[in-house]
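Residue numbers (our numbering), protein chains in the order written: chain A, 127 to 711; chain B, 159 to 416. Here's the structure, in C-alpha cells; my notes come after.
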Amino acid sequence: MNSKTININVPVLARVEGEGALELSIEEGKITDLKLRIYEPPRYFEKFLQGRSYQDLPDTVARICGICPVAYQMSAVHAVESIFQTKTTPWIRALRRVFYCGEWIQSHALHIHMLAAPDFLGCQSIIELAQHHDEAVRRGLRLQTLGNELIEMLGARSVHPVGAKVGGFFHAPSEQQAIEMVAKLEQGWHDSEALILWLNTLELPDDIQQFTCVALRHADEYPMNEGRIVSDQGLDISIEQYQQHFKEHHAPHSTALHALLDGKPYLLGPLARLNLNHDQLTDEVLAPLAQTRYRFPSYNMYHSIIARAVEIRFAIGEALAILRAYQVPEKPDVEVEPQAGIGYGCSEAPRGLLWHRYEVDQQGEIINAVIIPPTSQNQARIEQDVARSLEKYGLDHNENQLRFYAERVVRNYDPCISCATHFLTLKVNRDNQASNATPLNIEQETLLLAIGSPFGADQTAWLVAEQLHTTPGVTLAYSNNPLAQLKPLLETAKRIVLLDAIISDQPLGQLLALSADQLTSSSKQISSHGLGPLELLALIQQLKADSKNTQLLGISIGDGSHPLTDTQIQNSAQTLQQKLLTHLP
Amino acid sequence: MSSIKPKVSIHKFSSCDGCQLAFLNMGEALLELASQVEILHFAEAGPLSENASVDIAIVEGSIATRHDLQRIQAIRANSAYLITIGACATAGGIQALRNMADTQQWIEGIYAQPEYIDSLDNSEPISSHVKVDLELWGCPINSRQIVVALRDLLFRVTPKPERDKLCLECKRQQQVCVMITRGEPCMGSVTQNGCGALCPSIGRACYACYGPAEDANSQALANRLEGLGLVDKQIAQKFLFINSAAEPFQNTGKARLK
C-alpha cells in the first residue's frame, strides 16, 4: 500500500465519522485490493484548537462527533487536568461515570436497533423493523431515550452537552432529579434483560477468527475514564506510552489516518472491552447472558451486538448504584490552576479507545493537540475482516450479495461511518469485467477503449472508464482484453474512443484531444501484456476501411509520479461522459 | 391535507452527524413521523435514494469539497422545499474557522500525502450555493425545531424562523442573569433563542452555538466584554467559534483580531 508513517507530533487530524465506501478488486477469484474508503472531508479540529483556551476545549472537541461527544469531552478534560495537576473529588469522578454511562446506553441502543438488528431480521431500516418487531423496537427507543436523559441530567442536552468542564461540572443535579432518574433506570434495568434475551433469538453467524483486542483496564472497575492500555497479546502500557506502540499512517484512499499496533491491525470497542474486562462485571449484570448461548471472551465479531447489550446493562446498573447513593455536593467543580505542560487523556468511547494529547502554555492556552479516534484505529481491522469474510463467503456471489455481506461485517464494528455504511458503495472491479459482467452489445454506439496497465498512474484511463460502466450507448473495453475479444468490438463499433493517460503539464485529470503522434511518448509505459495506443490504432486502421470515427483522448497525469485522486478520476469521468453523450470533442 | 404523504430526504455534508440525531433521538415520535411523511433518503437510518425527487430536502453539513458542490446542486434540483439544519449547513459550522487560515498548509502539516485530499479552501453554508427555503440554526438543532417545521409544512403553513434573542427566553424562565450577577462573558444578548437557554439555566455563559439573533448588536456586546476584562483575542474568539462565518459575528470578531 502506498502509505508512509507520519510523525505523530505533527498535529494529526483524523475526523473519521462520516461518509464511507468499500472498494474491492477481484482478480482470478482472489481479492487483490480492498479499501474501506472514508471521504468525510477533513475538519481540522487540532488546528482550530491551537491558540484557544483550555476552557473552550470541551465545547470544541464535542463537535467532532454528534454521537459520542461525551467521550471527546471526557478524554479532553482528563488530559488537561493531568497537566494542571487538578485533584477532582470522588463526586466528580462518580458523576463523570454516570455521564459516560448515558452515552454508552444511547449509542449502543441506537446501533443495536437502528443499524445492526435490521441486518439479522431481513429489514432495511428501523421503520420497517418496527412493523414486525414492535415491542423490541419500542424497548430499544426507550433505552436510547434513557441514555439521552442521563446525559441531559448532567449536560442539559444529549448532543454536544454543555455541563462538563475542566475541573468538574457547571452544575449538580438536584436530589429530586436523581430520584426520578433512578425510577427510569429501574425500568431500563428490566428492559436490558429483555433486550439480551431478545438478541438471543437472532441467528448470528458462527464465525470465529483471530484478532488482537485492545482496551483500557482498571484494577477495580469496568473501564471508562481511567486505566492502562492492555491487549490479549500481553500489551500492558500506560496511556502516555501509546505512541511508542501505536503508529498512524495516511492511506491514500482515506481522510482518516489508519493506526496499527506494532505494525498490525487490532480491535477496539465493546467486544474487545468485554473480552478483556468481563471479570469486572457483577453476577447481576451477567445473569441474563447466562441464559443465552453466548459466552465471553468471544472471537466472533458478530457477538459485538451482544457485547453492546451487556454493556448497556452494565451502564444502567452502574448509574443506578451511583444515583441511589446520590447527594448534592457543596460544589460541582474544583478550582483549576493552569500551568504549562503536556498531558494525555484516554477514555473508552462507545466505539473504543479515544486517545488525546495536549500541550498547553502557562495560561492554559493550547499549543498542540493530537486526537486519535477509535474508528481510525479499527479501520485496518475492518479491511482485514471484510477481505477474509468475503473470501470465505465466496467471491462468485453477485454484487448485491457481496455488498450486503460486506456491509454487515463492517457494521459489526459500528464505525462512526455507520451512517455511510448503510449505503456502502461497493465497487467490484473484476479482471474479466468486459467479457463477463456485461454481455457485449455488438450494436453499440460508442466503444470506449481504455489503455493502461495496473500500475500507478498508468491505470488512470481504466479507472476513469470504469466510472462510465452504466452510461447508455457506451461499451467499455480495456487494452488488456484478449485480442479475440477486442476484434469484433472494434470491427462493429460506430464510434471508437481511445483513452490513455498522458504525461502533460495540464491540470491533473484534464481531458486532452490527441493526435496519433502525441501517443508515442506514453506508449513506453504500457504494460507488456496489453496493447499500446499505437498498436491499437494500427489495428483499427487494419480492421476498418473507415477509421475516421476513431478518436484519441488523453487524461493528464502530470509527471506521472502519482495516481490521480478519486475526485480527479470522478471529475474526468464526468467530463468524458458529457463528451460521449453529446458529440466529441 | 391530501392523503399522499409528502416525500422527504435527509442529506449529509461536512458535519458531525449531530443534527441528524434530532430525528434519531425522537424516540417513539420517530415512528409517528415515519407514518406522516415518506422518508426516501436518510442514510444513517437506512433508506437510500440520494437522487429521488422530494417535496422536502433536509440538509445537514457544510460545503467543503468539490464533490459537495455537485451534490448540492442535484439535491436542490430534486426538491421543492429545502431546509438546512444546524450551524454547519446554515453558517459553515465550526469548520469554517479554517476559512481564515491557509488550508493547504494545514493539509500538508497533517497528511503524509496531501495530494489525495479533496478540500475546498473554505467551508461554506448551503445558501452560498443554492436557494434555501428555511434555515434552522443551532449546534446542534433539537427535535422540537424540526418537528415544528415539518408540522407547519404538513399543515401547509410557511414555517416562521425564530430569531429572538436568548435573553428573552432567559427572562421567561426567570433565570438569574449570569452576566449581571457574576460578570460571566455571556453571548445571550446577541444569540438567537431555540436551545431553551440551556447554558444560563446551569449557571454558565452562553457561547452562541445558535448563531446571531435578529438585529444582534454584537459591537456593543464586544465593548461590554472588554468592560468585563476580556482582551481583544478573547473577545474575538467568543465571536469566532461555532458560527464564525455568520454576520455580524465575523465582522465583530475579525475587528478584534487586528
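No residue lacks a Cβ here, since even glycine has one placed at the ideal position from N, Cα and C. Owing to the predicted nature of the structure, the values given are computational and were not obtained by experimental measurement.
Item to check | Contact with chain A by residue 154 of chain B, beta-carbon distance below 8 angstroms | outcome: One cannot answer for residue 154 of chain B here, as it falls past the ends of chain B, which runs 159 to 416.
Checklist entry - For the beta strand (DSSP E) that contains residue 300 of chain B, what are its first and last residues? => result For residue 300 of chain B, there is no enclosing beta strand (DSSP E), as DSSP gives it neither H nor E.
Next on the checklist: Less than 8 angstroms between CB atoms is the rule here; does residue 193 of chain A satisfy it with respect to chain B?
Outcome noted: For residue 193 of chain A, the closest Cβ of chain B is nearer than 8 angstroms.
Checklist entry - With respect to the beta strand (DSSP E) encompassing residue 637 of chain A, which residues constitute its N-terminal and C-terminal limits? => result Here the beta strand (DSSP E) through residue 637 of chain A covers 637-639.
Next on the checklist: Going by DSSP, what residue range makes up the alpha helix (DSSP H) through residue 440 of chain A?
Outcome noted: Start and end: 430-450.
Checklist entry - Would a C-beta distance cut-off of 8 angstroms place residue 176 of chain B and residue 403 of chain B closer than the cut-off? => result With a cutoff of 8 angstroms on beta-carbon distance, residue 176 of chain B and residue 403 of chain B are scored as not near each other.
Next on the checklist: Considering only the alpha carbon of each residue, which of A/428, A/365, A/438, A/311 lies closest to residue 333 of chain A?
Outcome noted: Nearest in C-alpha terms to residue 333 of chain A, of all of A/428, A/365, A/438, A/311, is A/428.
Checklist entry - If residue 441 of chain A sits next to residue 230 of chain A, beta carbons under 8 angstroms apart, how far is it from one beta carbon to the other, in whole angstroms? => result About 5 angstroms separates the two Cβ atoms, so the contact holds.
Checklist entry - Which chain B residues are close to residue 200 of chain A, counting only those with a beta carbon under 8 angstroms from its beta carbon? => result Listed along the chain, the chain B residues whose CB falls inside 8 angstroms of the CB of residue 200 of chain A amount to none; the nearest CB is some 16 angstroms away.
Checklist entry - When you compare each of B/165, B/166, B/180, B/399 to residue 283 of chain A by their alpha carbons, which one comes out closest? => result It is B/180.
Next on the checklist: If we define contact as Cβ-Cβ less than 8 angstroms, is residue 205 of chain B a contact residue for chain A?
Outcome noted: Using beta-carbon distances, residue 205 of chain B counts as an interface residue toward chain A, with a partner under 8 angstroms.
Next on the checklist: Strictly under 8 angstroms for the Cβ-Cβ distance: is residue 148 of chain A near chain B by that measure?
Outcome noted: Taking Cβ atoms only, chain B never reaches closer than 8 angstroms to residue 148 of chain A, which makes this a no.
Item to check | Distance between residue 407 of chain A and residue 255 of chain A (C-alpha atoms, nearest Å) | outcome: Distance between the alpha carbons of residue 255 of chain A and residue 407 of chain A is about 31 angstroms.
Next on the checklist: Within a Cβ cutoff of 7 angstroms, which residues of the same chain sit near residue 324 of chain A, ignoring the five residues on either side of it in sequence?
Outcome noted: These residues qualify, in order along the chain: 262.
Next on the checklist: Which same chain residues end up closer than 6 angstroms to residue 184 of chain B when comparing Cβ atoms and leaving out the 5 residues on each side of it in sequence?
Outcome noted: Here residue 184 of chain B has 301 as same chain residues with Cβ atoms under 6 angstroms from its own Cβ, once five neighbours each way along the sequence are excluded.
Next on the checklist: Comparing C-alpha positions only, which one of A/320, A/342, A/177, A/355 sits nearest to residue 415 of chain B?
Outcome noted: The shortest C-alpha to C-alpha distance from residue 415 of chain B to any of A/320, A/342, A/177, A/355 is the one to A/177.
Checklist entry - Do the segment 507-521 of chain A and the segment 182-192 of chain A make contact, defined as three or more Cβ pairs closer than 8 angstroms? => result Cβ pair count under 8 angstroms is below three, so no.
Item to check | For residue 399 of chain B, the first and last residue of its enclosing alpha helix (DSSP H) | outcome: Residue 399 of chain B -> no alpha helix (DSSP H), and no H or E assigned at all.
Checklist entry - Where DSSP assigns a beta bridge to residue 169 of chain B, which residues make up the other side? => result Within the DSSP secondary-structure output, residue 169 of chain B pairs in a beta bridge with B/217.
Checklist entry - Taking a cut of 9 angstroms between CB atoms, which residues from the segment 169-186 of chain A lie near chain B? => result Listed in sequence order: 169, 170, 171, 172, 173, 174, 177, 178, 179, 182, 185, 186.
Checklist entry - Are there 16 or more other CB atoms within 10 angstroms of the CB of residue 381 of chain B, so buried, or fewer, so exposed? => result Classification of residue 381 of chain B: exposed, given that the 10 Å Cβ count is below 16.
Item to check | Given residue 492 of chain A as reference, the closest of A/157, A/209, A/314 once Cα atoms are compared | outcome: The residue with the shortest Cα to Cα distance from residue 492 of chain A is A/209.
Checklist entry - Counting pairs of Cβ atoms below 8 angstroms between the segment 327-345 of chain B and the segment 286-296 of chain B, do you hit three or more? => result Verdict: no, contact absent.
Checklist entry - chain A beta carbons: is any one of them nearer than 8 angstroms to that of residue 192 of chain B? => result Between residue 192 of chain B and chain A, the shortest Cβ-Cβ separation is below 8 angstroms.
Checklist entry - Under a Cβ-count criterion, where at least 16 other Cβ atoms within 10 Å of its own Cβ denotes burial, should residue 258 of chain A be classed as buried or exposed? => result Under this definition residue 258 of chain A is an exposed residue.
Item to check | Option nearest residue 663 of chain A by Cα separation, candidates A/613, A/690, A/401 | outcome: Ranking the options by Cα distance to residue 663 of chain A, first place goes to A/613.
Checklist entry - Is the CB-CB distance between residue 188 of chain B and residue 182 of chain B below 8 angstroms? => result A contact, by the Cβ cut-off of 8 angstroms.
Checklist entry - Tell me which same chain residues have a C-beta within less than 7 angstroms of the C-beta of residue 235 of chain A, skipping the five on either side of it? => result Counting only Cβ-Cβ distances below 7 angstroms, and skipping sequence neighbours, we find 266, 269, 270, 273, 438.
Checklist entry - If we ignore side chains and look at the alpha-carbon of each, how far apart do residue 556 of chain A and residue 579 of chain A end up? => result Low per-residue confidence applies at residue 556 of chain A: pLDDT is 49, beneath 50, and the placement is therefore not dependable, though the value from the model is reported in the following sentence. The alpha-carbon atoms of residue 556 of chain A and residue 579 of chain A are separated by roughly 14 angstroms.
Checklist entry - Between the segment 169-186 of chain B and chain A, which residues of the former have a C-beta closer than 9 angstroms to a C-beta of the latter? => result Here the close residues are 170, 171, 172, 173, 174, 175, 176, 177, 178, 179, 180, 182, 183, 184, 185, 186.
Next on the checklist: Which of the three DSSP states is assigned to residue 564 of chain A in this structure?
Outcome noted: The predicted model places residue 564 of chain A with a pLDDT of 31, which falls under 50 and marks its position as unreliable, so this point remains unresolved.
Item to check | Whole-Å CB distance - residue 212 of chain B paired with residue 165 of chain B, under 8 angstroms assumed | outcome: The pair is a contact, with the Cβ atoms about 4 angstroms apart (cut-off 8 angstroms).
Checklist entry - Could one say the Cβ of residue 274 of chain A lies closer than 8 angstroms to chain B's Cβ atoms, at least one of them? => result Interface residue, yes.
Checklist entry - Expressed to the nearest angstrom, what Euclidean distance is found between the alpha-carbon atoms of residue 150 of chain A and residue 361 of chain B? => result If you take the alpha carbons of residue 150 of chain A and residue 361 of chain B, they lie about 53 angstroms apart.
Item to check | Cutoff 8 angstroms: residue 287 of chain B Cβ touching any chain A Cβ | outcome: For residue 287 of chain B, the nearest beta carbon of chain A is not closer than 8 angstroms to its own beta carbon.
Item to check | Start-to-end residues for the beta strand (DSSP E) that takes in residue 494 of chain A | outcome: Counting along the chain, residue 494 of chain A sits inside the beta strand (DSSP E) bounded by residues 492-498.
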